[in-house]
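Read through the structure below, which is laid out as structure tokens, and then see the notes.
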Amino acid sequence: MPSKGVHTFTYIAVPGCSIELSVPGQRRTISELNRFSDIALEVETSAIQSFFDKRGRFTFKVFRHGHQITEQWIDVNAITGNASGGTMESIANTPSIFHGDDLVISYGLYEAGKGHDLLPNRHQCYVTVTPNYSNWIRDVAPPGSDLENKPFTRLVLPAAHDVGMNSMASCEAVFGRLGGAVVSTLINDNRILGKLADKLSADAIALIAPNIVFGLAITQKDSLDAILRIGARYFEFRPAHLHSALIPSGALPDRLYFQHSAIPGMAYDAFLRDVVAFLRAHPDEIVVVQLRWDGVPDDVCAKPSRDEKRRYLDEALQQADGGIVAGNLEDMRRLSIGQLRRERKRLIMLDSVDSLSTYTDEGNATLNGDSILEALPRMLTADNQRGKAFVNIQCQATPSNITKAVVYSILESSVTTSCLLATKGLCDSKTLPWCRDNVLRACDLDRLVVMMNDWIDGATSHVAVELSRQRLER
């Protein structure tokens, strides 16, 4: 009988919590702590009572001490494979849920549609239930404790990959003023546009411009404040001016934005302002920001001058009234957690410093994470780490480098799905356990480690926080 699969990935790090997964005729409950669960469910036509309507509901519920915290669902057509309706129909409408002061639920759903030989043919859902990590550095290195006197570089910092691409707001402003045809100006990738042009007219490409941008560039879905509360403490930001062809339109103010190629995301001043506001509200936390311009076409997206970068930073720090000052690379390398706190250097600003990243175009261009796993031990050698400011372990896949996968995601799906999201649960279930089990051995103890991921979630943060505890105790 026809059916449609739902592949679920779960992680629980809060005692007393459980996750219930269900489709018609099937129900599974997960309660084991610190285990990456991988469960396949099937929406079977034979389990749906209606003769004409073959939609079955996929639901997950989170409980704490027997009390339901949340219920999220979507209807899955067992015949066509389509998923629609419910609370998970749009990625943009699946923000992390903060329950009280001590728990956060992060989740997301990739809609597979009818499937494809490259991308998964089963819907993909991930759910993590973890502590609220608004103050995790305070908790692992309490002020006044011996642990506070350990080097800051002992920490393992969770990181949101391409944090500036957490919203379509900037692109929607551009499309609203200039129309979808401007997408060819924003995307500096002729592989994608060429493949689309083989199948669609220029007018049709313009109509699906949001789908194109979403499939290529959007990597986060929570607000910056939520991302910080989930636990992220390291960010890479690529500030540059709008594409020169966009500035005369007035679609967006001419200021610095996060740039994904020439696709504008979060405004840089808003990013700095929100980070400083978070640090003011959480006086024992420390955030590292690395400025870099990989892939930004500087011939059309002007990079900021030194004075411009300083002006943006000074304006953000003004709201702290001297309570926060910017630290630098030497501060990060030589000072303890306590010294950084006492010297008020809780916003460490780096600019194109030399780090060891595990990312490779070949290794991260994967749909199942296996090539990332194979590359990690080869990249994290003592020789490769020597002389580097820090180590950046990139857990996320980059299927946007697989042209066929992107084109299918754009043509067959909608703006609510993404080939980047298609790999989230499967890759995390492999890369995060590897980090948990190998970072202590593979990474220099006194070299800062960053764990970067798309769609930042509590499981990524939990692994990084526990590794920080272990490194501080050595």
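Residues 141 to 614 (my numbering) make up the sequence shown, in order. Where a beta carbon is used, it is the ideal one built from N, C-alpha and C, also for glycine. Everything numeric in this text was worked out from a predicted model, so none of it was measured.
Cutting at 6 Å between CB atoms, please list the residues of its own chain near Asp491, excluding the five before and the five after it.
Leu431
To the nearest angstrom, how far is the alpha carbon of Val555 from that of Leu480?
At Val555, the pLDDT of 44 sits below 50, so the modelled position is not reliable and the matter cannot be decided from this model.
In terms of residue numbering, what span does the alpha helix (DSSP H) encompassing Asn524 cover?
Ala522 to Gln525
On the DSSP letters alone, give me the boundaries of the alpha helix (DSSP H) that Thr325 sits inside.
Val323 to Leu326
Which whole-angstrom value describes the C-beta separation of His301 and Thr359, a residue pair presumed to lie in contact below a C-beta threshold of 8 Å?
5 Å
Assuming Lys144 is part of the beta strand (DSSP E), what are its boundary residues?
Ser143 to Ile152
According to DSSP, is Cys265 part of a helix, a strand, or is it coil?
strand
Considering Cα atoms alone, identify which of Thr185, Ile219, Tyr250 and Ala153 is closest to Trp595.
If you compare the alpha carbons of Thr185, Ile219, Tyr250 and Ala153 with that of Trp595, the shortest gap goes to Tyr250.
Shortest alpha-carbon distance to Gly435 belongs to which of Arg413, Ser401, Arg420 and Gly463?
Ser401
Whole-angstrom distance between Leu475 and Ala466, CA atom to CA atom:
Between Ala466 and Leu475, the C-alpha separation is close to 14 Å.
Exposure label - Lys290; buried when at least 16 CB within 10 Å:
Taking every protein chain shown into account, the CB of Lys290 has 16 or more other CB atoms within 10 angstroms, so this residue is buried.
Beta-carbon separation of Arg175 and Ile159 under 9 Å?
Taking 9 Å as the Cβ cut-off, Arg175 and Ile159 do not qualify as a contacting pair.
Give every residue of the same chain whose Cβ lies closer than 8 Å to the Cβ of Gly226, excluding the five residues on either side of it in the sequence, and list them in chain order.
Arg197, Gln212, Trp213, Ile214 and Asp215
Quick check: the Cα distance between Ala218 and Ala252, rounded to an integer number of angstroms?
Computed Cα separation, rounded: 12 Å.
Do Asp471 and Lys449 have their C-beta atoms within less than 9 Å of each other?
no
Is His602 buried or exposed, if buried means 16 or more other CB atoms sit within 10 Å of its CB?
It is buried - the Cβ of His602 has at least 16 other Cβ atoms within 10 Å.
Residue interval of the alpha helix (DSSP H) (run including Ala391):
Note, Ala391: premise wrong, no alpha helix (DSSP H); not H, not E.
Provide the residue span of the alpha helix (DSSP H) that contains Asn578, from first to last.
Lys564 to Ala582
Taking 9 Å as the CB-CB limit, is Ser230 close to chain E?
Of the protein chains in the structure, only one exists, and it is not chain E.
Starting from Asp365, follow the alpha helix (DSSP H) in both directions and report where the run begins and ends.
Leu364 to Ile370
Among all the DSSP beta bridges, which residues are the ones paired with Asn593?
Ala300
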